[in-house]
Amino acid sequence: MEKLVVIGNGMVGHRLLQALNEGDHTHRWHITVVGEEPRTAYDRVALSSYLEGTSAQDLSLGQVSGPHVHVHTNERVTTIDRTHRTITTHTGRTLPYDRLVLATGSTPFVPPVPGHDLPGCHVYRTIEDLDALAIDARTARTGVVIGGGLLGLEAANALRQLGVKTHVVELAPHLMPTQIDQGAGALLQRLVTDLGVTVHTGSATTTIEPGPDGRAHRILLGDGTHLDTDLVVFSVGIRPRDELARAAHLRLGPRGGVDIDHTCTTSDPTIHAIGEVAHHNGTIYGLIAPGNAMAEVLADRLLGGEATFTGADTSTKLKLLGVDVAGFGDAHANTPGALDVVVNDAAGGRYAKLVLSDDATTLLGGILVGDASAYATLRPLVGHPLPGDPLALISPTGPTTLGTHALPDSAQVCSCNAVTKAHLTCAIDEGAREVAALKSRTRAGTSCGSCVPMLEQILAESGITPSSALCEHFTHSRTELWEIVRSTGITTFSELITSHGTGHGCHVCKPAIASILASQGNGHILTGEQATLQDTNDRYLANLQRNGSYSVVPRIPGGEITPDKLIVIGEVARDFDLYTKITGGQRIDMFGARLEQLPAIWTRLVEAGFESGHAYGKSLRTVKSCVGTTWCRFGVQDSVGLAIRLEERYRGLRSPHKLKAAVSGCARECAEARSKDFGIIATDTGWNLYVGGNGGFTPRHARLLARDLDEDTLIRYIDRFLMFYIRTADRLQRTAPWIESLNEGLDHLRAVIIDDRLGIADDLEAAMAEHVASYTDEWAAVLSDPDKLARFVSFTNAPHTPDPTITFTTTRDQPVPAPTPLGIPTTRPTMETTR
Amino acid sequence: MTTLTPPLTWIDACPAHHLETALGLATLLPDLHQVALFRTHDDHLYAVDNLDPHTGAAVICRGIVGDHAGEPTITSPMLKHVFSLRSGHDLDDHHTHLSTWPVRHHHGMIQIGTTPQGTP
Ligand SMILES: Cc1cc2nc3c(=O)[nH]c(=O)nc-3n(C[C@H](O)[C@H](O)[C@H](O)COP(=O)(O)OP(=O)(O)OC[C@H]3O[C@@H](n4cnc5c(N)ncnc54)[C@H](O)[C@@H]3O)c2cc1C
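Chains A and B supply the protein sequences, listed in that same order.
Read the first sequence against the working numbering and you will find it ends at 886, with the numbers running on by one and no gaps.
Read the second sequence against the working numbering and you will find it ends at 482, with the numbers running on by one and no gaps.
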């Protein structure tokens, strides 16, 4: 085997590994990767989401593993010895190579102004950079971003979201000078200013002066004015990390960057360079798409192929909390004779420009600000004849009417991964039926995601409508059925299936509709026909276990319980011979109750003041808490009090899936609130609300929805969040995938919940108020209703005879199910898992 | 009804009004066999094994009654296997089935024949 050494495990280096791993069937290469960062490659493009709660693990691009791939992290290469074909790292390790790849990316450029290295000065490139920034932002009131380009604005948005009053200082006369023109820049500046960011264009930074604490404090500008600040972020450009190549005397570009040819080879035929470190034909690309294209070309070459790199698309689309900015193709109309068509709608906050060839037939590029929804359709058309009147294409109604059939097969729909329309239609012919399948087969839409609407459109225009039908009995989705029930006032399953479905229902639609009916207030879930819709857990208000017995979980709000109540639980468990275990939700689970024992057990529990814990329902489980200010030396708010208030507010609320919550009394986060559907973390001045976390098969960290809320606002936001979820989520869809499924994700959620963009906030709150007012304990209601109680019998002809198949043995002094003669239940391959 | 070779003994399961539409019940036979009883929306009576053959738990009567392409079904609450109420077949796995039992409405009582109608 030949030895391939890759320096740098960033995004492009990772893509190279993936491509080699997929293509190297003959095991030609033994690959060693040396990366300086403390972790393997992650999604730098999505870096800012880290500050909103996406974890480093979520950002990870995954491991490329195989017997012939070795990745070393935390190790920097210090020299290349071209004569002996070895590299040496800072730990002293020397590695021989047959071929060497430089994928070292670039480093933020910090202008050498006096004071640039004071404490409080930051850059924005790695997870460690963001960690440092977040720490300083905690105590900062004002922050200044130097540089108003794409990355600078992204950093400004991040500072803003960290609660820091933000300024942007840009040397050029308008923002994002590389991507957009003066007109678009002016509109962008207005929209960004509306978001509370102060923009200073045409301003040079001359000096950064320290304050008395020695930290960056004052920025002196070229016009003699100054800005006082608590922190500084430099974002004035990037420089290729070509220092190894320079020392090894490889040929560089005129302004740096390792010069490569169309095969991604440097001036040394055994050394290659890809990504942001490479200089190709006069250009250093600062975007992921060209880097990925280089990685694919190099992988192909290393495996004996003939691929070539001939340059790449530098289109970009940026989203700054509601402000879309996109530039694509020849945005600055540099092509000789190019014509512009401009729509500058200052009142509507939209600017759109198309650049056309001199005969006005071919699209060369364009700029969109304020509304970039046409980007996905227009960008692939670059270099192709226009399908219609150019003005119509950028008028507010234009892009939606332009179908994908207007695109030629060769048009690149996903420029990040160079996927053409032909690739996609081919994948559809081979059986891809939904966006997820198209993504995994072609990689389209897996990087910046801006082409996902196009993928949906191409699927739709191929005659494939993604089926959202609930099951064979209803062609509607859960959301549609929710609306039907609401608008028609239908209160029973029979009415609904007669008027809007076929047949008699099944285990899929019945519980889903039971939940819809319950969340719109239809009395006790076991009243009348509703009883027949419930899964066994809801039908017997207990959790079915593997041997046919049930577990019993009384509610213990916030995990707070008196010794007397603890004793009752102990006595009940002892008297009914139940196995007890403490749950992760801070309560106590009693296992091994037989169906006919449930009423007697609950009679004792209800007498002692317990209520149903709804452990059996797709509904609120628990609101976990730490002890907060009541006891803890570090606590800053009363987390237990809030947890109890929340648990008592949302108990019994039926939802598309189970709901878990937690409240932490300080930033130490002992209640693990960020692993919950909604989690609350105390701050010095209020509460931060996080949404969309879960444990389980695909763990997710909850992301910040709003910060420093007072208790009433917090509860209003949670009311709205939960009701909006209940109304619009799919069946068995937890909050994290639901948020992802919303167009614009968390931003959309913020718009609905905080800005009330849909005008439904009052309605959502009213629905929650109704739930709170109508709550009753389900178990107490059963105990006082002889008809419902009559269903808790083991056998029709022997109501109190225990089921003879339920038997127990003893393990660690407690009863546990005796092994069944059939052995371990087989899991169903088709069984539903949490989506 | 199918003609059966051995003489059939009927035992009383419950008063007919105890068996609600789409809410199953279990009956214990003298030989400790458990039978799950169902009444569907069209007032048809069905009786099948109460023991879920996939897990060995006696829980079939606690599943959800429904239909699949017109065939009346019961879904085991354990791992959601779907069985035909008419034939007892597992609709996804033809090697597994529930036995079906004779059942009738007789003088205000639901009765079960104590020999299975057999395996489909
Ligand atoms: C906040 C942010 C947002 C962005 N948004 C977008 C966007 O929307 N669209 C877009 O197209 N692009 C965007 N980019 C740019 C994109 O992330 C880069 O183009 C891409 O990461 C380049 O990949 P790379 O592998 O060349 O470099 P990198 O991802 O930087 O990887 C290089 C790696 O090499 C390591 N390394 C360097 N020298 C050595 C050494 N001597 N020894 C060992 N290891 C070494 C580095 O530590 C690094 O891990 C964004 C970048 C940032 C920072």
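Glycine included, each C-beta is placed from N, C-alpha and C at the ideal position.
Excluding sequence positions up to five away, which residues of its chain have a Cβ less than 8 Å from the Cβ of residue i?
i, result
"ASP455 of chain B", "HIS443"
"LEU432 of chain A", "LEU414, PRO438, ALA457, LEU458, ALA462"
"THR451 of chain A", "Confidence in THR451 of chain A is poor, its pLDDT being 45 and thus under 50, which makes the residue's placement unreliable; the coordinate value appears in the next sentence. Excluding positions up to five away in sequence, the list reads SER424."
"GLY247 of chain A", "ARG211, LYS216, THR217"
"LEU67 of chain A", "VAL57, VAL152, ALA154, ILE325, ALA346, LEU349, ALA350"
"PRO850 of chain A", "GLU647, VAL844"
Could you have a look at residue i and say whether DSSP puts it in helix, strand or coil?
i, result
"ASP761 of chain A", "coil"
"VAL603 of chain A", "strand"
"THR451 of chain A", "In this prediction, THR451 of chain A scores a pLDDT of 45, lower than 50, which makes its location untrustworthy; no coordinate-derived value is stated."
"GLN396 of chain B", "strand"
"TRP16 of chain A", "Absent from the structure is residue 16 of chain A, since the part of chain A shown begins at 52 and ends at 886."
"ASN594 of chain A", "strand"
"GLU433 of chain B", "strand"
"GLU260 of chain A", "strand"
"TYR630 of chain A", "strand"
"GLN463 of chain A", "strand"
"PRO436 of chain A", "strand"
"GLU53 of chain A", "strand"
"MET903 of chain A", "Residue coverage of chain A in this structure runs from 52 to 886, which leaves residue 903 of chain A outside it and unanswerable."
"MET62 of chain A", "helix"
"SER449 of chain B", "coil"
"TYR101 of chain A", "helix"
On the DSSP bridge list, what partners appear for residue i?
i, result
"MET471 of chain B", "B:PRO377, B:HIS468"
"ALA324 of chain A", "A:LEU153"
"PHE285 of chain A", "A:ILE197"
"CYS172 of chain A", "A:VAL283"
"TYR667 of chain A", "Looking at the DSSP assignment, TYR667 of chain A forms no beta bridge with any residue, so it has no partner."
"PHE846 of chain A", "A:ALA849"
Might you give, ordered along the chain, the residues of its own chain that have their beta carbon closer than 7 Å to the beta carbon of residue i, omitting 5 neighbours on each side?
i, result
"ALA926 of chain A", "Residue coverage of chain A in this structure runs from 52 to 886, which leaves residue 926 of chain A outside it and unanswerable."
"GLY599 of chain A", "ASP854, THR856, ILE857"
"CYS502 of chain A", "ALA427, VAL464, CYS465, ALA495, GLY496"
"ALA117 of chain A", "Per the sequence presented here, residue 117 of chain A reads as Gly, with Ala not at that position. The residues are ASN72."
"GLY449 of chain A", "Residue confidence is low: GLY449 of chain A scores 46 on pLDDT, short of 50, so the model does not pin down where it sits. Its coordinate-derived value is still stated next. Once the five neighbours on either side are set aside, the close Cβ partners of GLY449 of chain A are ALA425, ALA443."
"ASP310 of chain A", "ARG302, LEU303, GLY304, THR317, SER318, HIS330"
When you compare each of the options to residue i by their alpha carbons, which one comes out closest?
i, options, result
"ILE178 of chain A", "A:THR317, A:ALA223, A:SER100", "A:SER100"
"GLY692 of chain A", "A:ILE612, A:TYR741, A:PRO870", "A:ILE612"
"ALA582 of chain A", "A:LEU840, A:ALA869, A:TYR776", "A:LEU840"
"HIS889 of chain A", "A:ARG144, A:ARG136, A:HIS76", "Summary: the structure shown does not reach residue 889 of chain A, with chain A confined to residues 52 through 886, and so no result is reported for it."
"ARG492 of chain A", "A:VAL470, A:GLY500, A:GLU512", "A:VAL470"
"MET440 of chain B", "A:PRO605, A:GLU816, A:TYR601", "A:TYR601"
"ASP232 of chain A", "A:ILE418, A:GLY262, A:HIS65", "A:ILE418"
"PRO228 of chain A", "A:ILE270, A:GLY288, A:THR316, A:THR321", "A:GLY288"
"SER566 of chain A", "A:ASP312, A:GLU205, A:LEU755, A:GLY703", "A:GLY703"
"ARG842 of chain A", "B:GLU382, B:ALA378, B:ALA431", "B:GLU382"
"GLU658 of chain A", "A:LEU671, A:GLY686, A:ARG484, A:ASP615", "A:ASP615"
"ARG144 of chain A", "A:ARG269, A:MET774, A:THR124, A:ALA206", "A:THR124"
"ALA384 of chain B", "B:TYR408, B:PRO392, B:TRP372, B:ILE373", "B:TYR408"
Less than 6 Å between C-beta atoms, sequence neighbours within five positions excluded: which residues of the same chain meet that for residue i?
i, result
"ILE131 of chain A", "ILE138, LEU295, ALA299"
"VAL472 of chain A", "Strictly speaking, residue 472 of chain A in this sequence is Lys, with Val absent from that position. These residues qualify, in order along the chain: LEU458, ASP460, ALA462, VAL464."
"ASP781 of chain A", "ARG529"
"ALA235 of chain A", "TYR402, ILE418, VAL420"
"HIS323 of chain A", "VAL152, CYS315, THR316, LEU349"
"CYS376 of chain B", "ILE472"
"ASP759 of chain A", "THR734, THR736, GLY737"
"PRO170 of chain A", "ARG266"
Can you name the residues of chain C whose CB is closer than 7 Å to the CB of residue i?
i, result
"PRO439 of chain B", "Absence of chain C from the displayed structure is noted, the protein chains being A and B."
Enumerated in chain order, which unbroken segments of the alpha helix (DSSP H) with a length of 4 residues or greater are wholly contained in the region 747 to 798 of chain A? Counting whole runs of 4 or more residues, the region 747 to 798 of chain A contains the alpha helix (DSSP H) stretches 762 to 779, 786 to 792.
Considering only residues of the region 367 to 441 of chain A, which uninterrupted beta strand (DSSP E) runs meet the minimum length of 3 residues and lie entirely inside it, listed in chain order? For the region 367 to 441 of chain A, whole beta strand (DSSP E) runs of length 3 or above, ordered along the chain, are 367 to 371, 374 to 380, 390 to 396, 401 to 407, 414 to 420.
Quick check for students: name the residue ranges of the alpha helix (DSSP H) that lie wholly in the region 652 to 703 of chain A, counting only runs of 4 or more. Listed in chain order, they are 679 to 682, 690 to 701.
Please list the segments of the beta strand (DSSP E) lying wholly inside the region 522 to 605 of chain A, counting only runs of 3 or more residues, in order along the chain. Annotation: the region 522 to 605 of chain A contains the following complete segments of the beta strand (DSSP E) (minimum length 3 residues), in chain order: 601 to 603.
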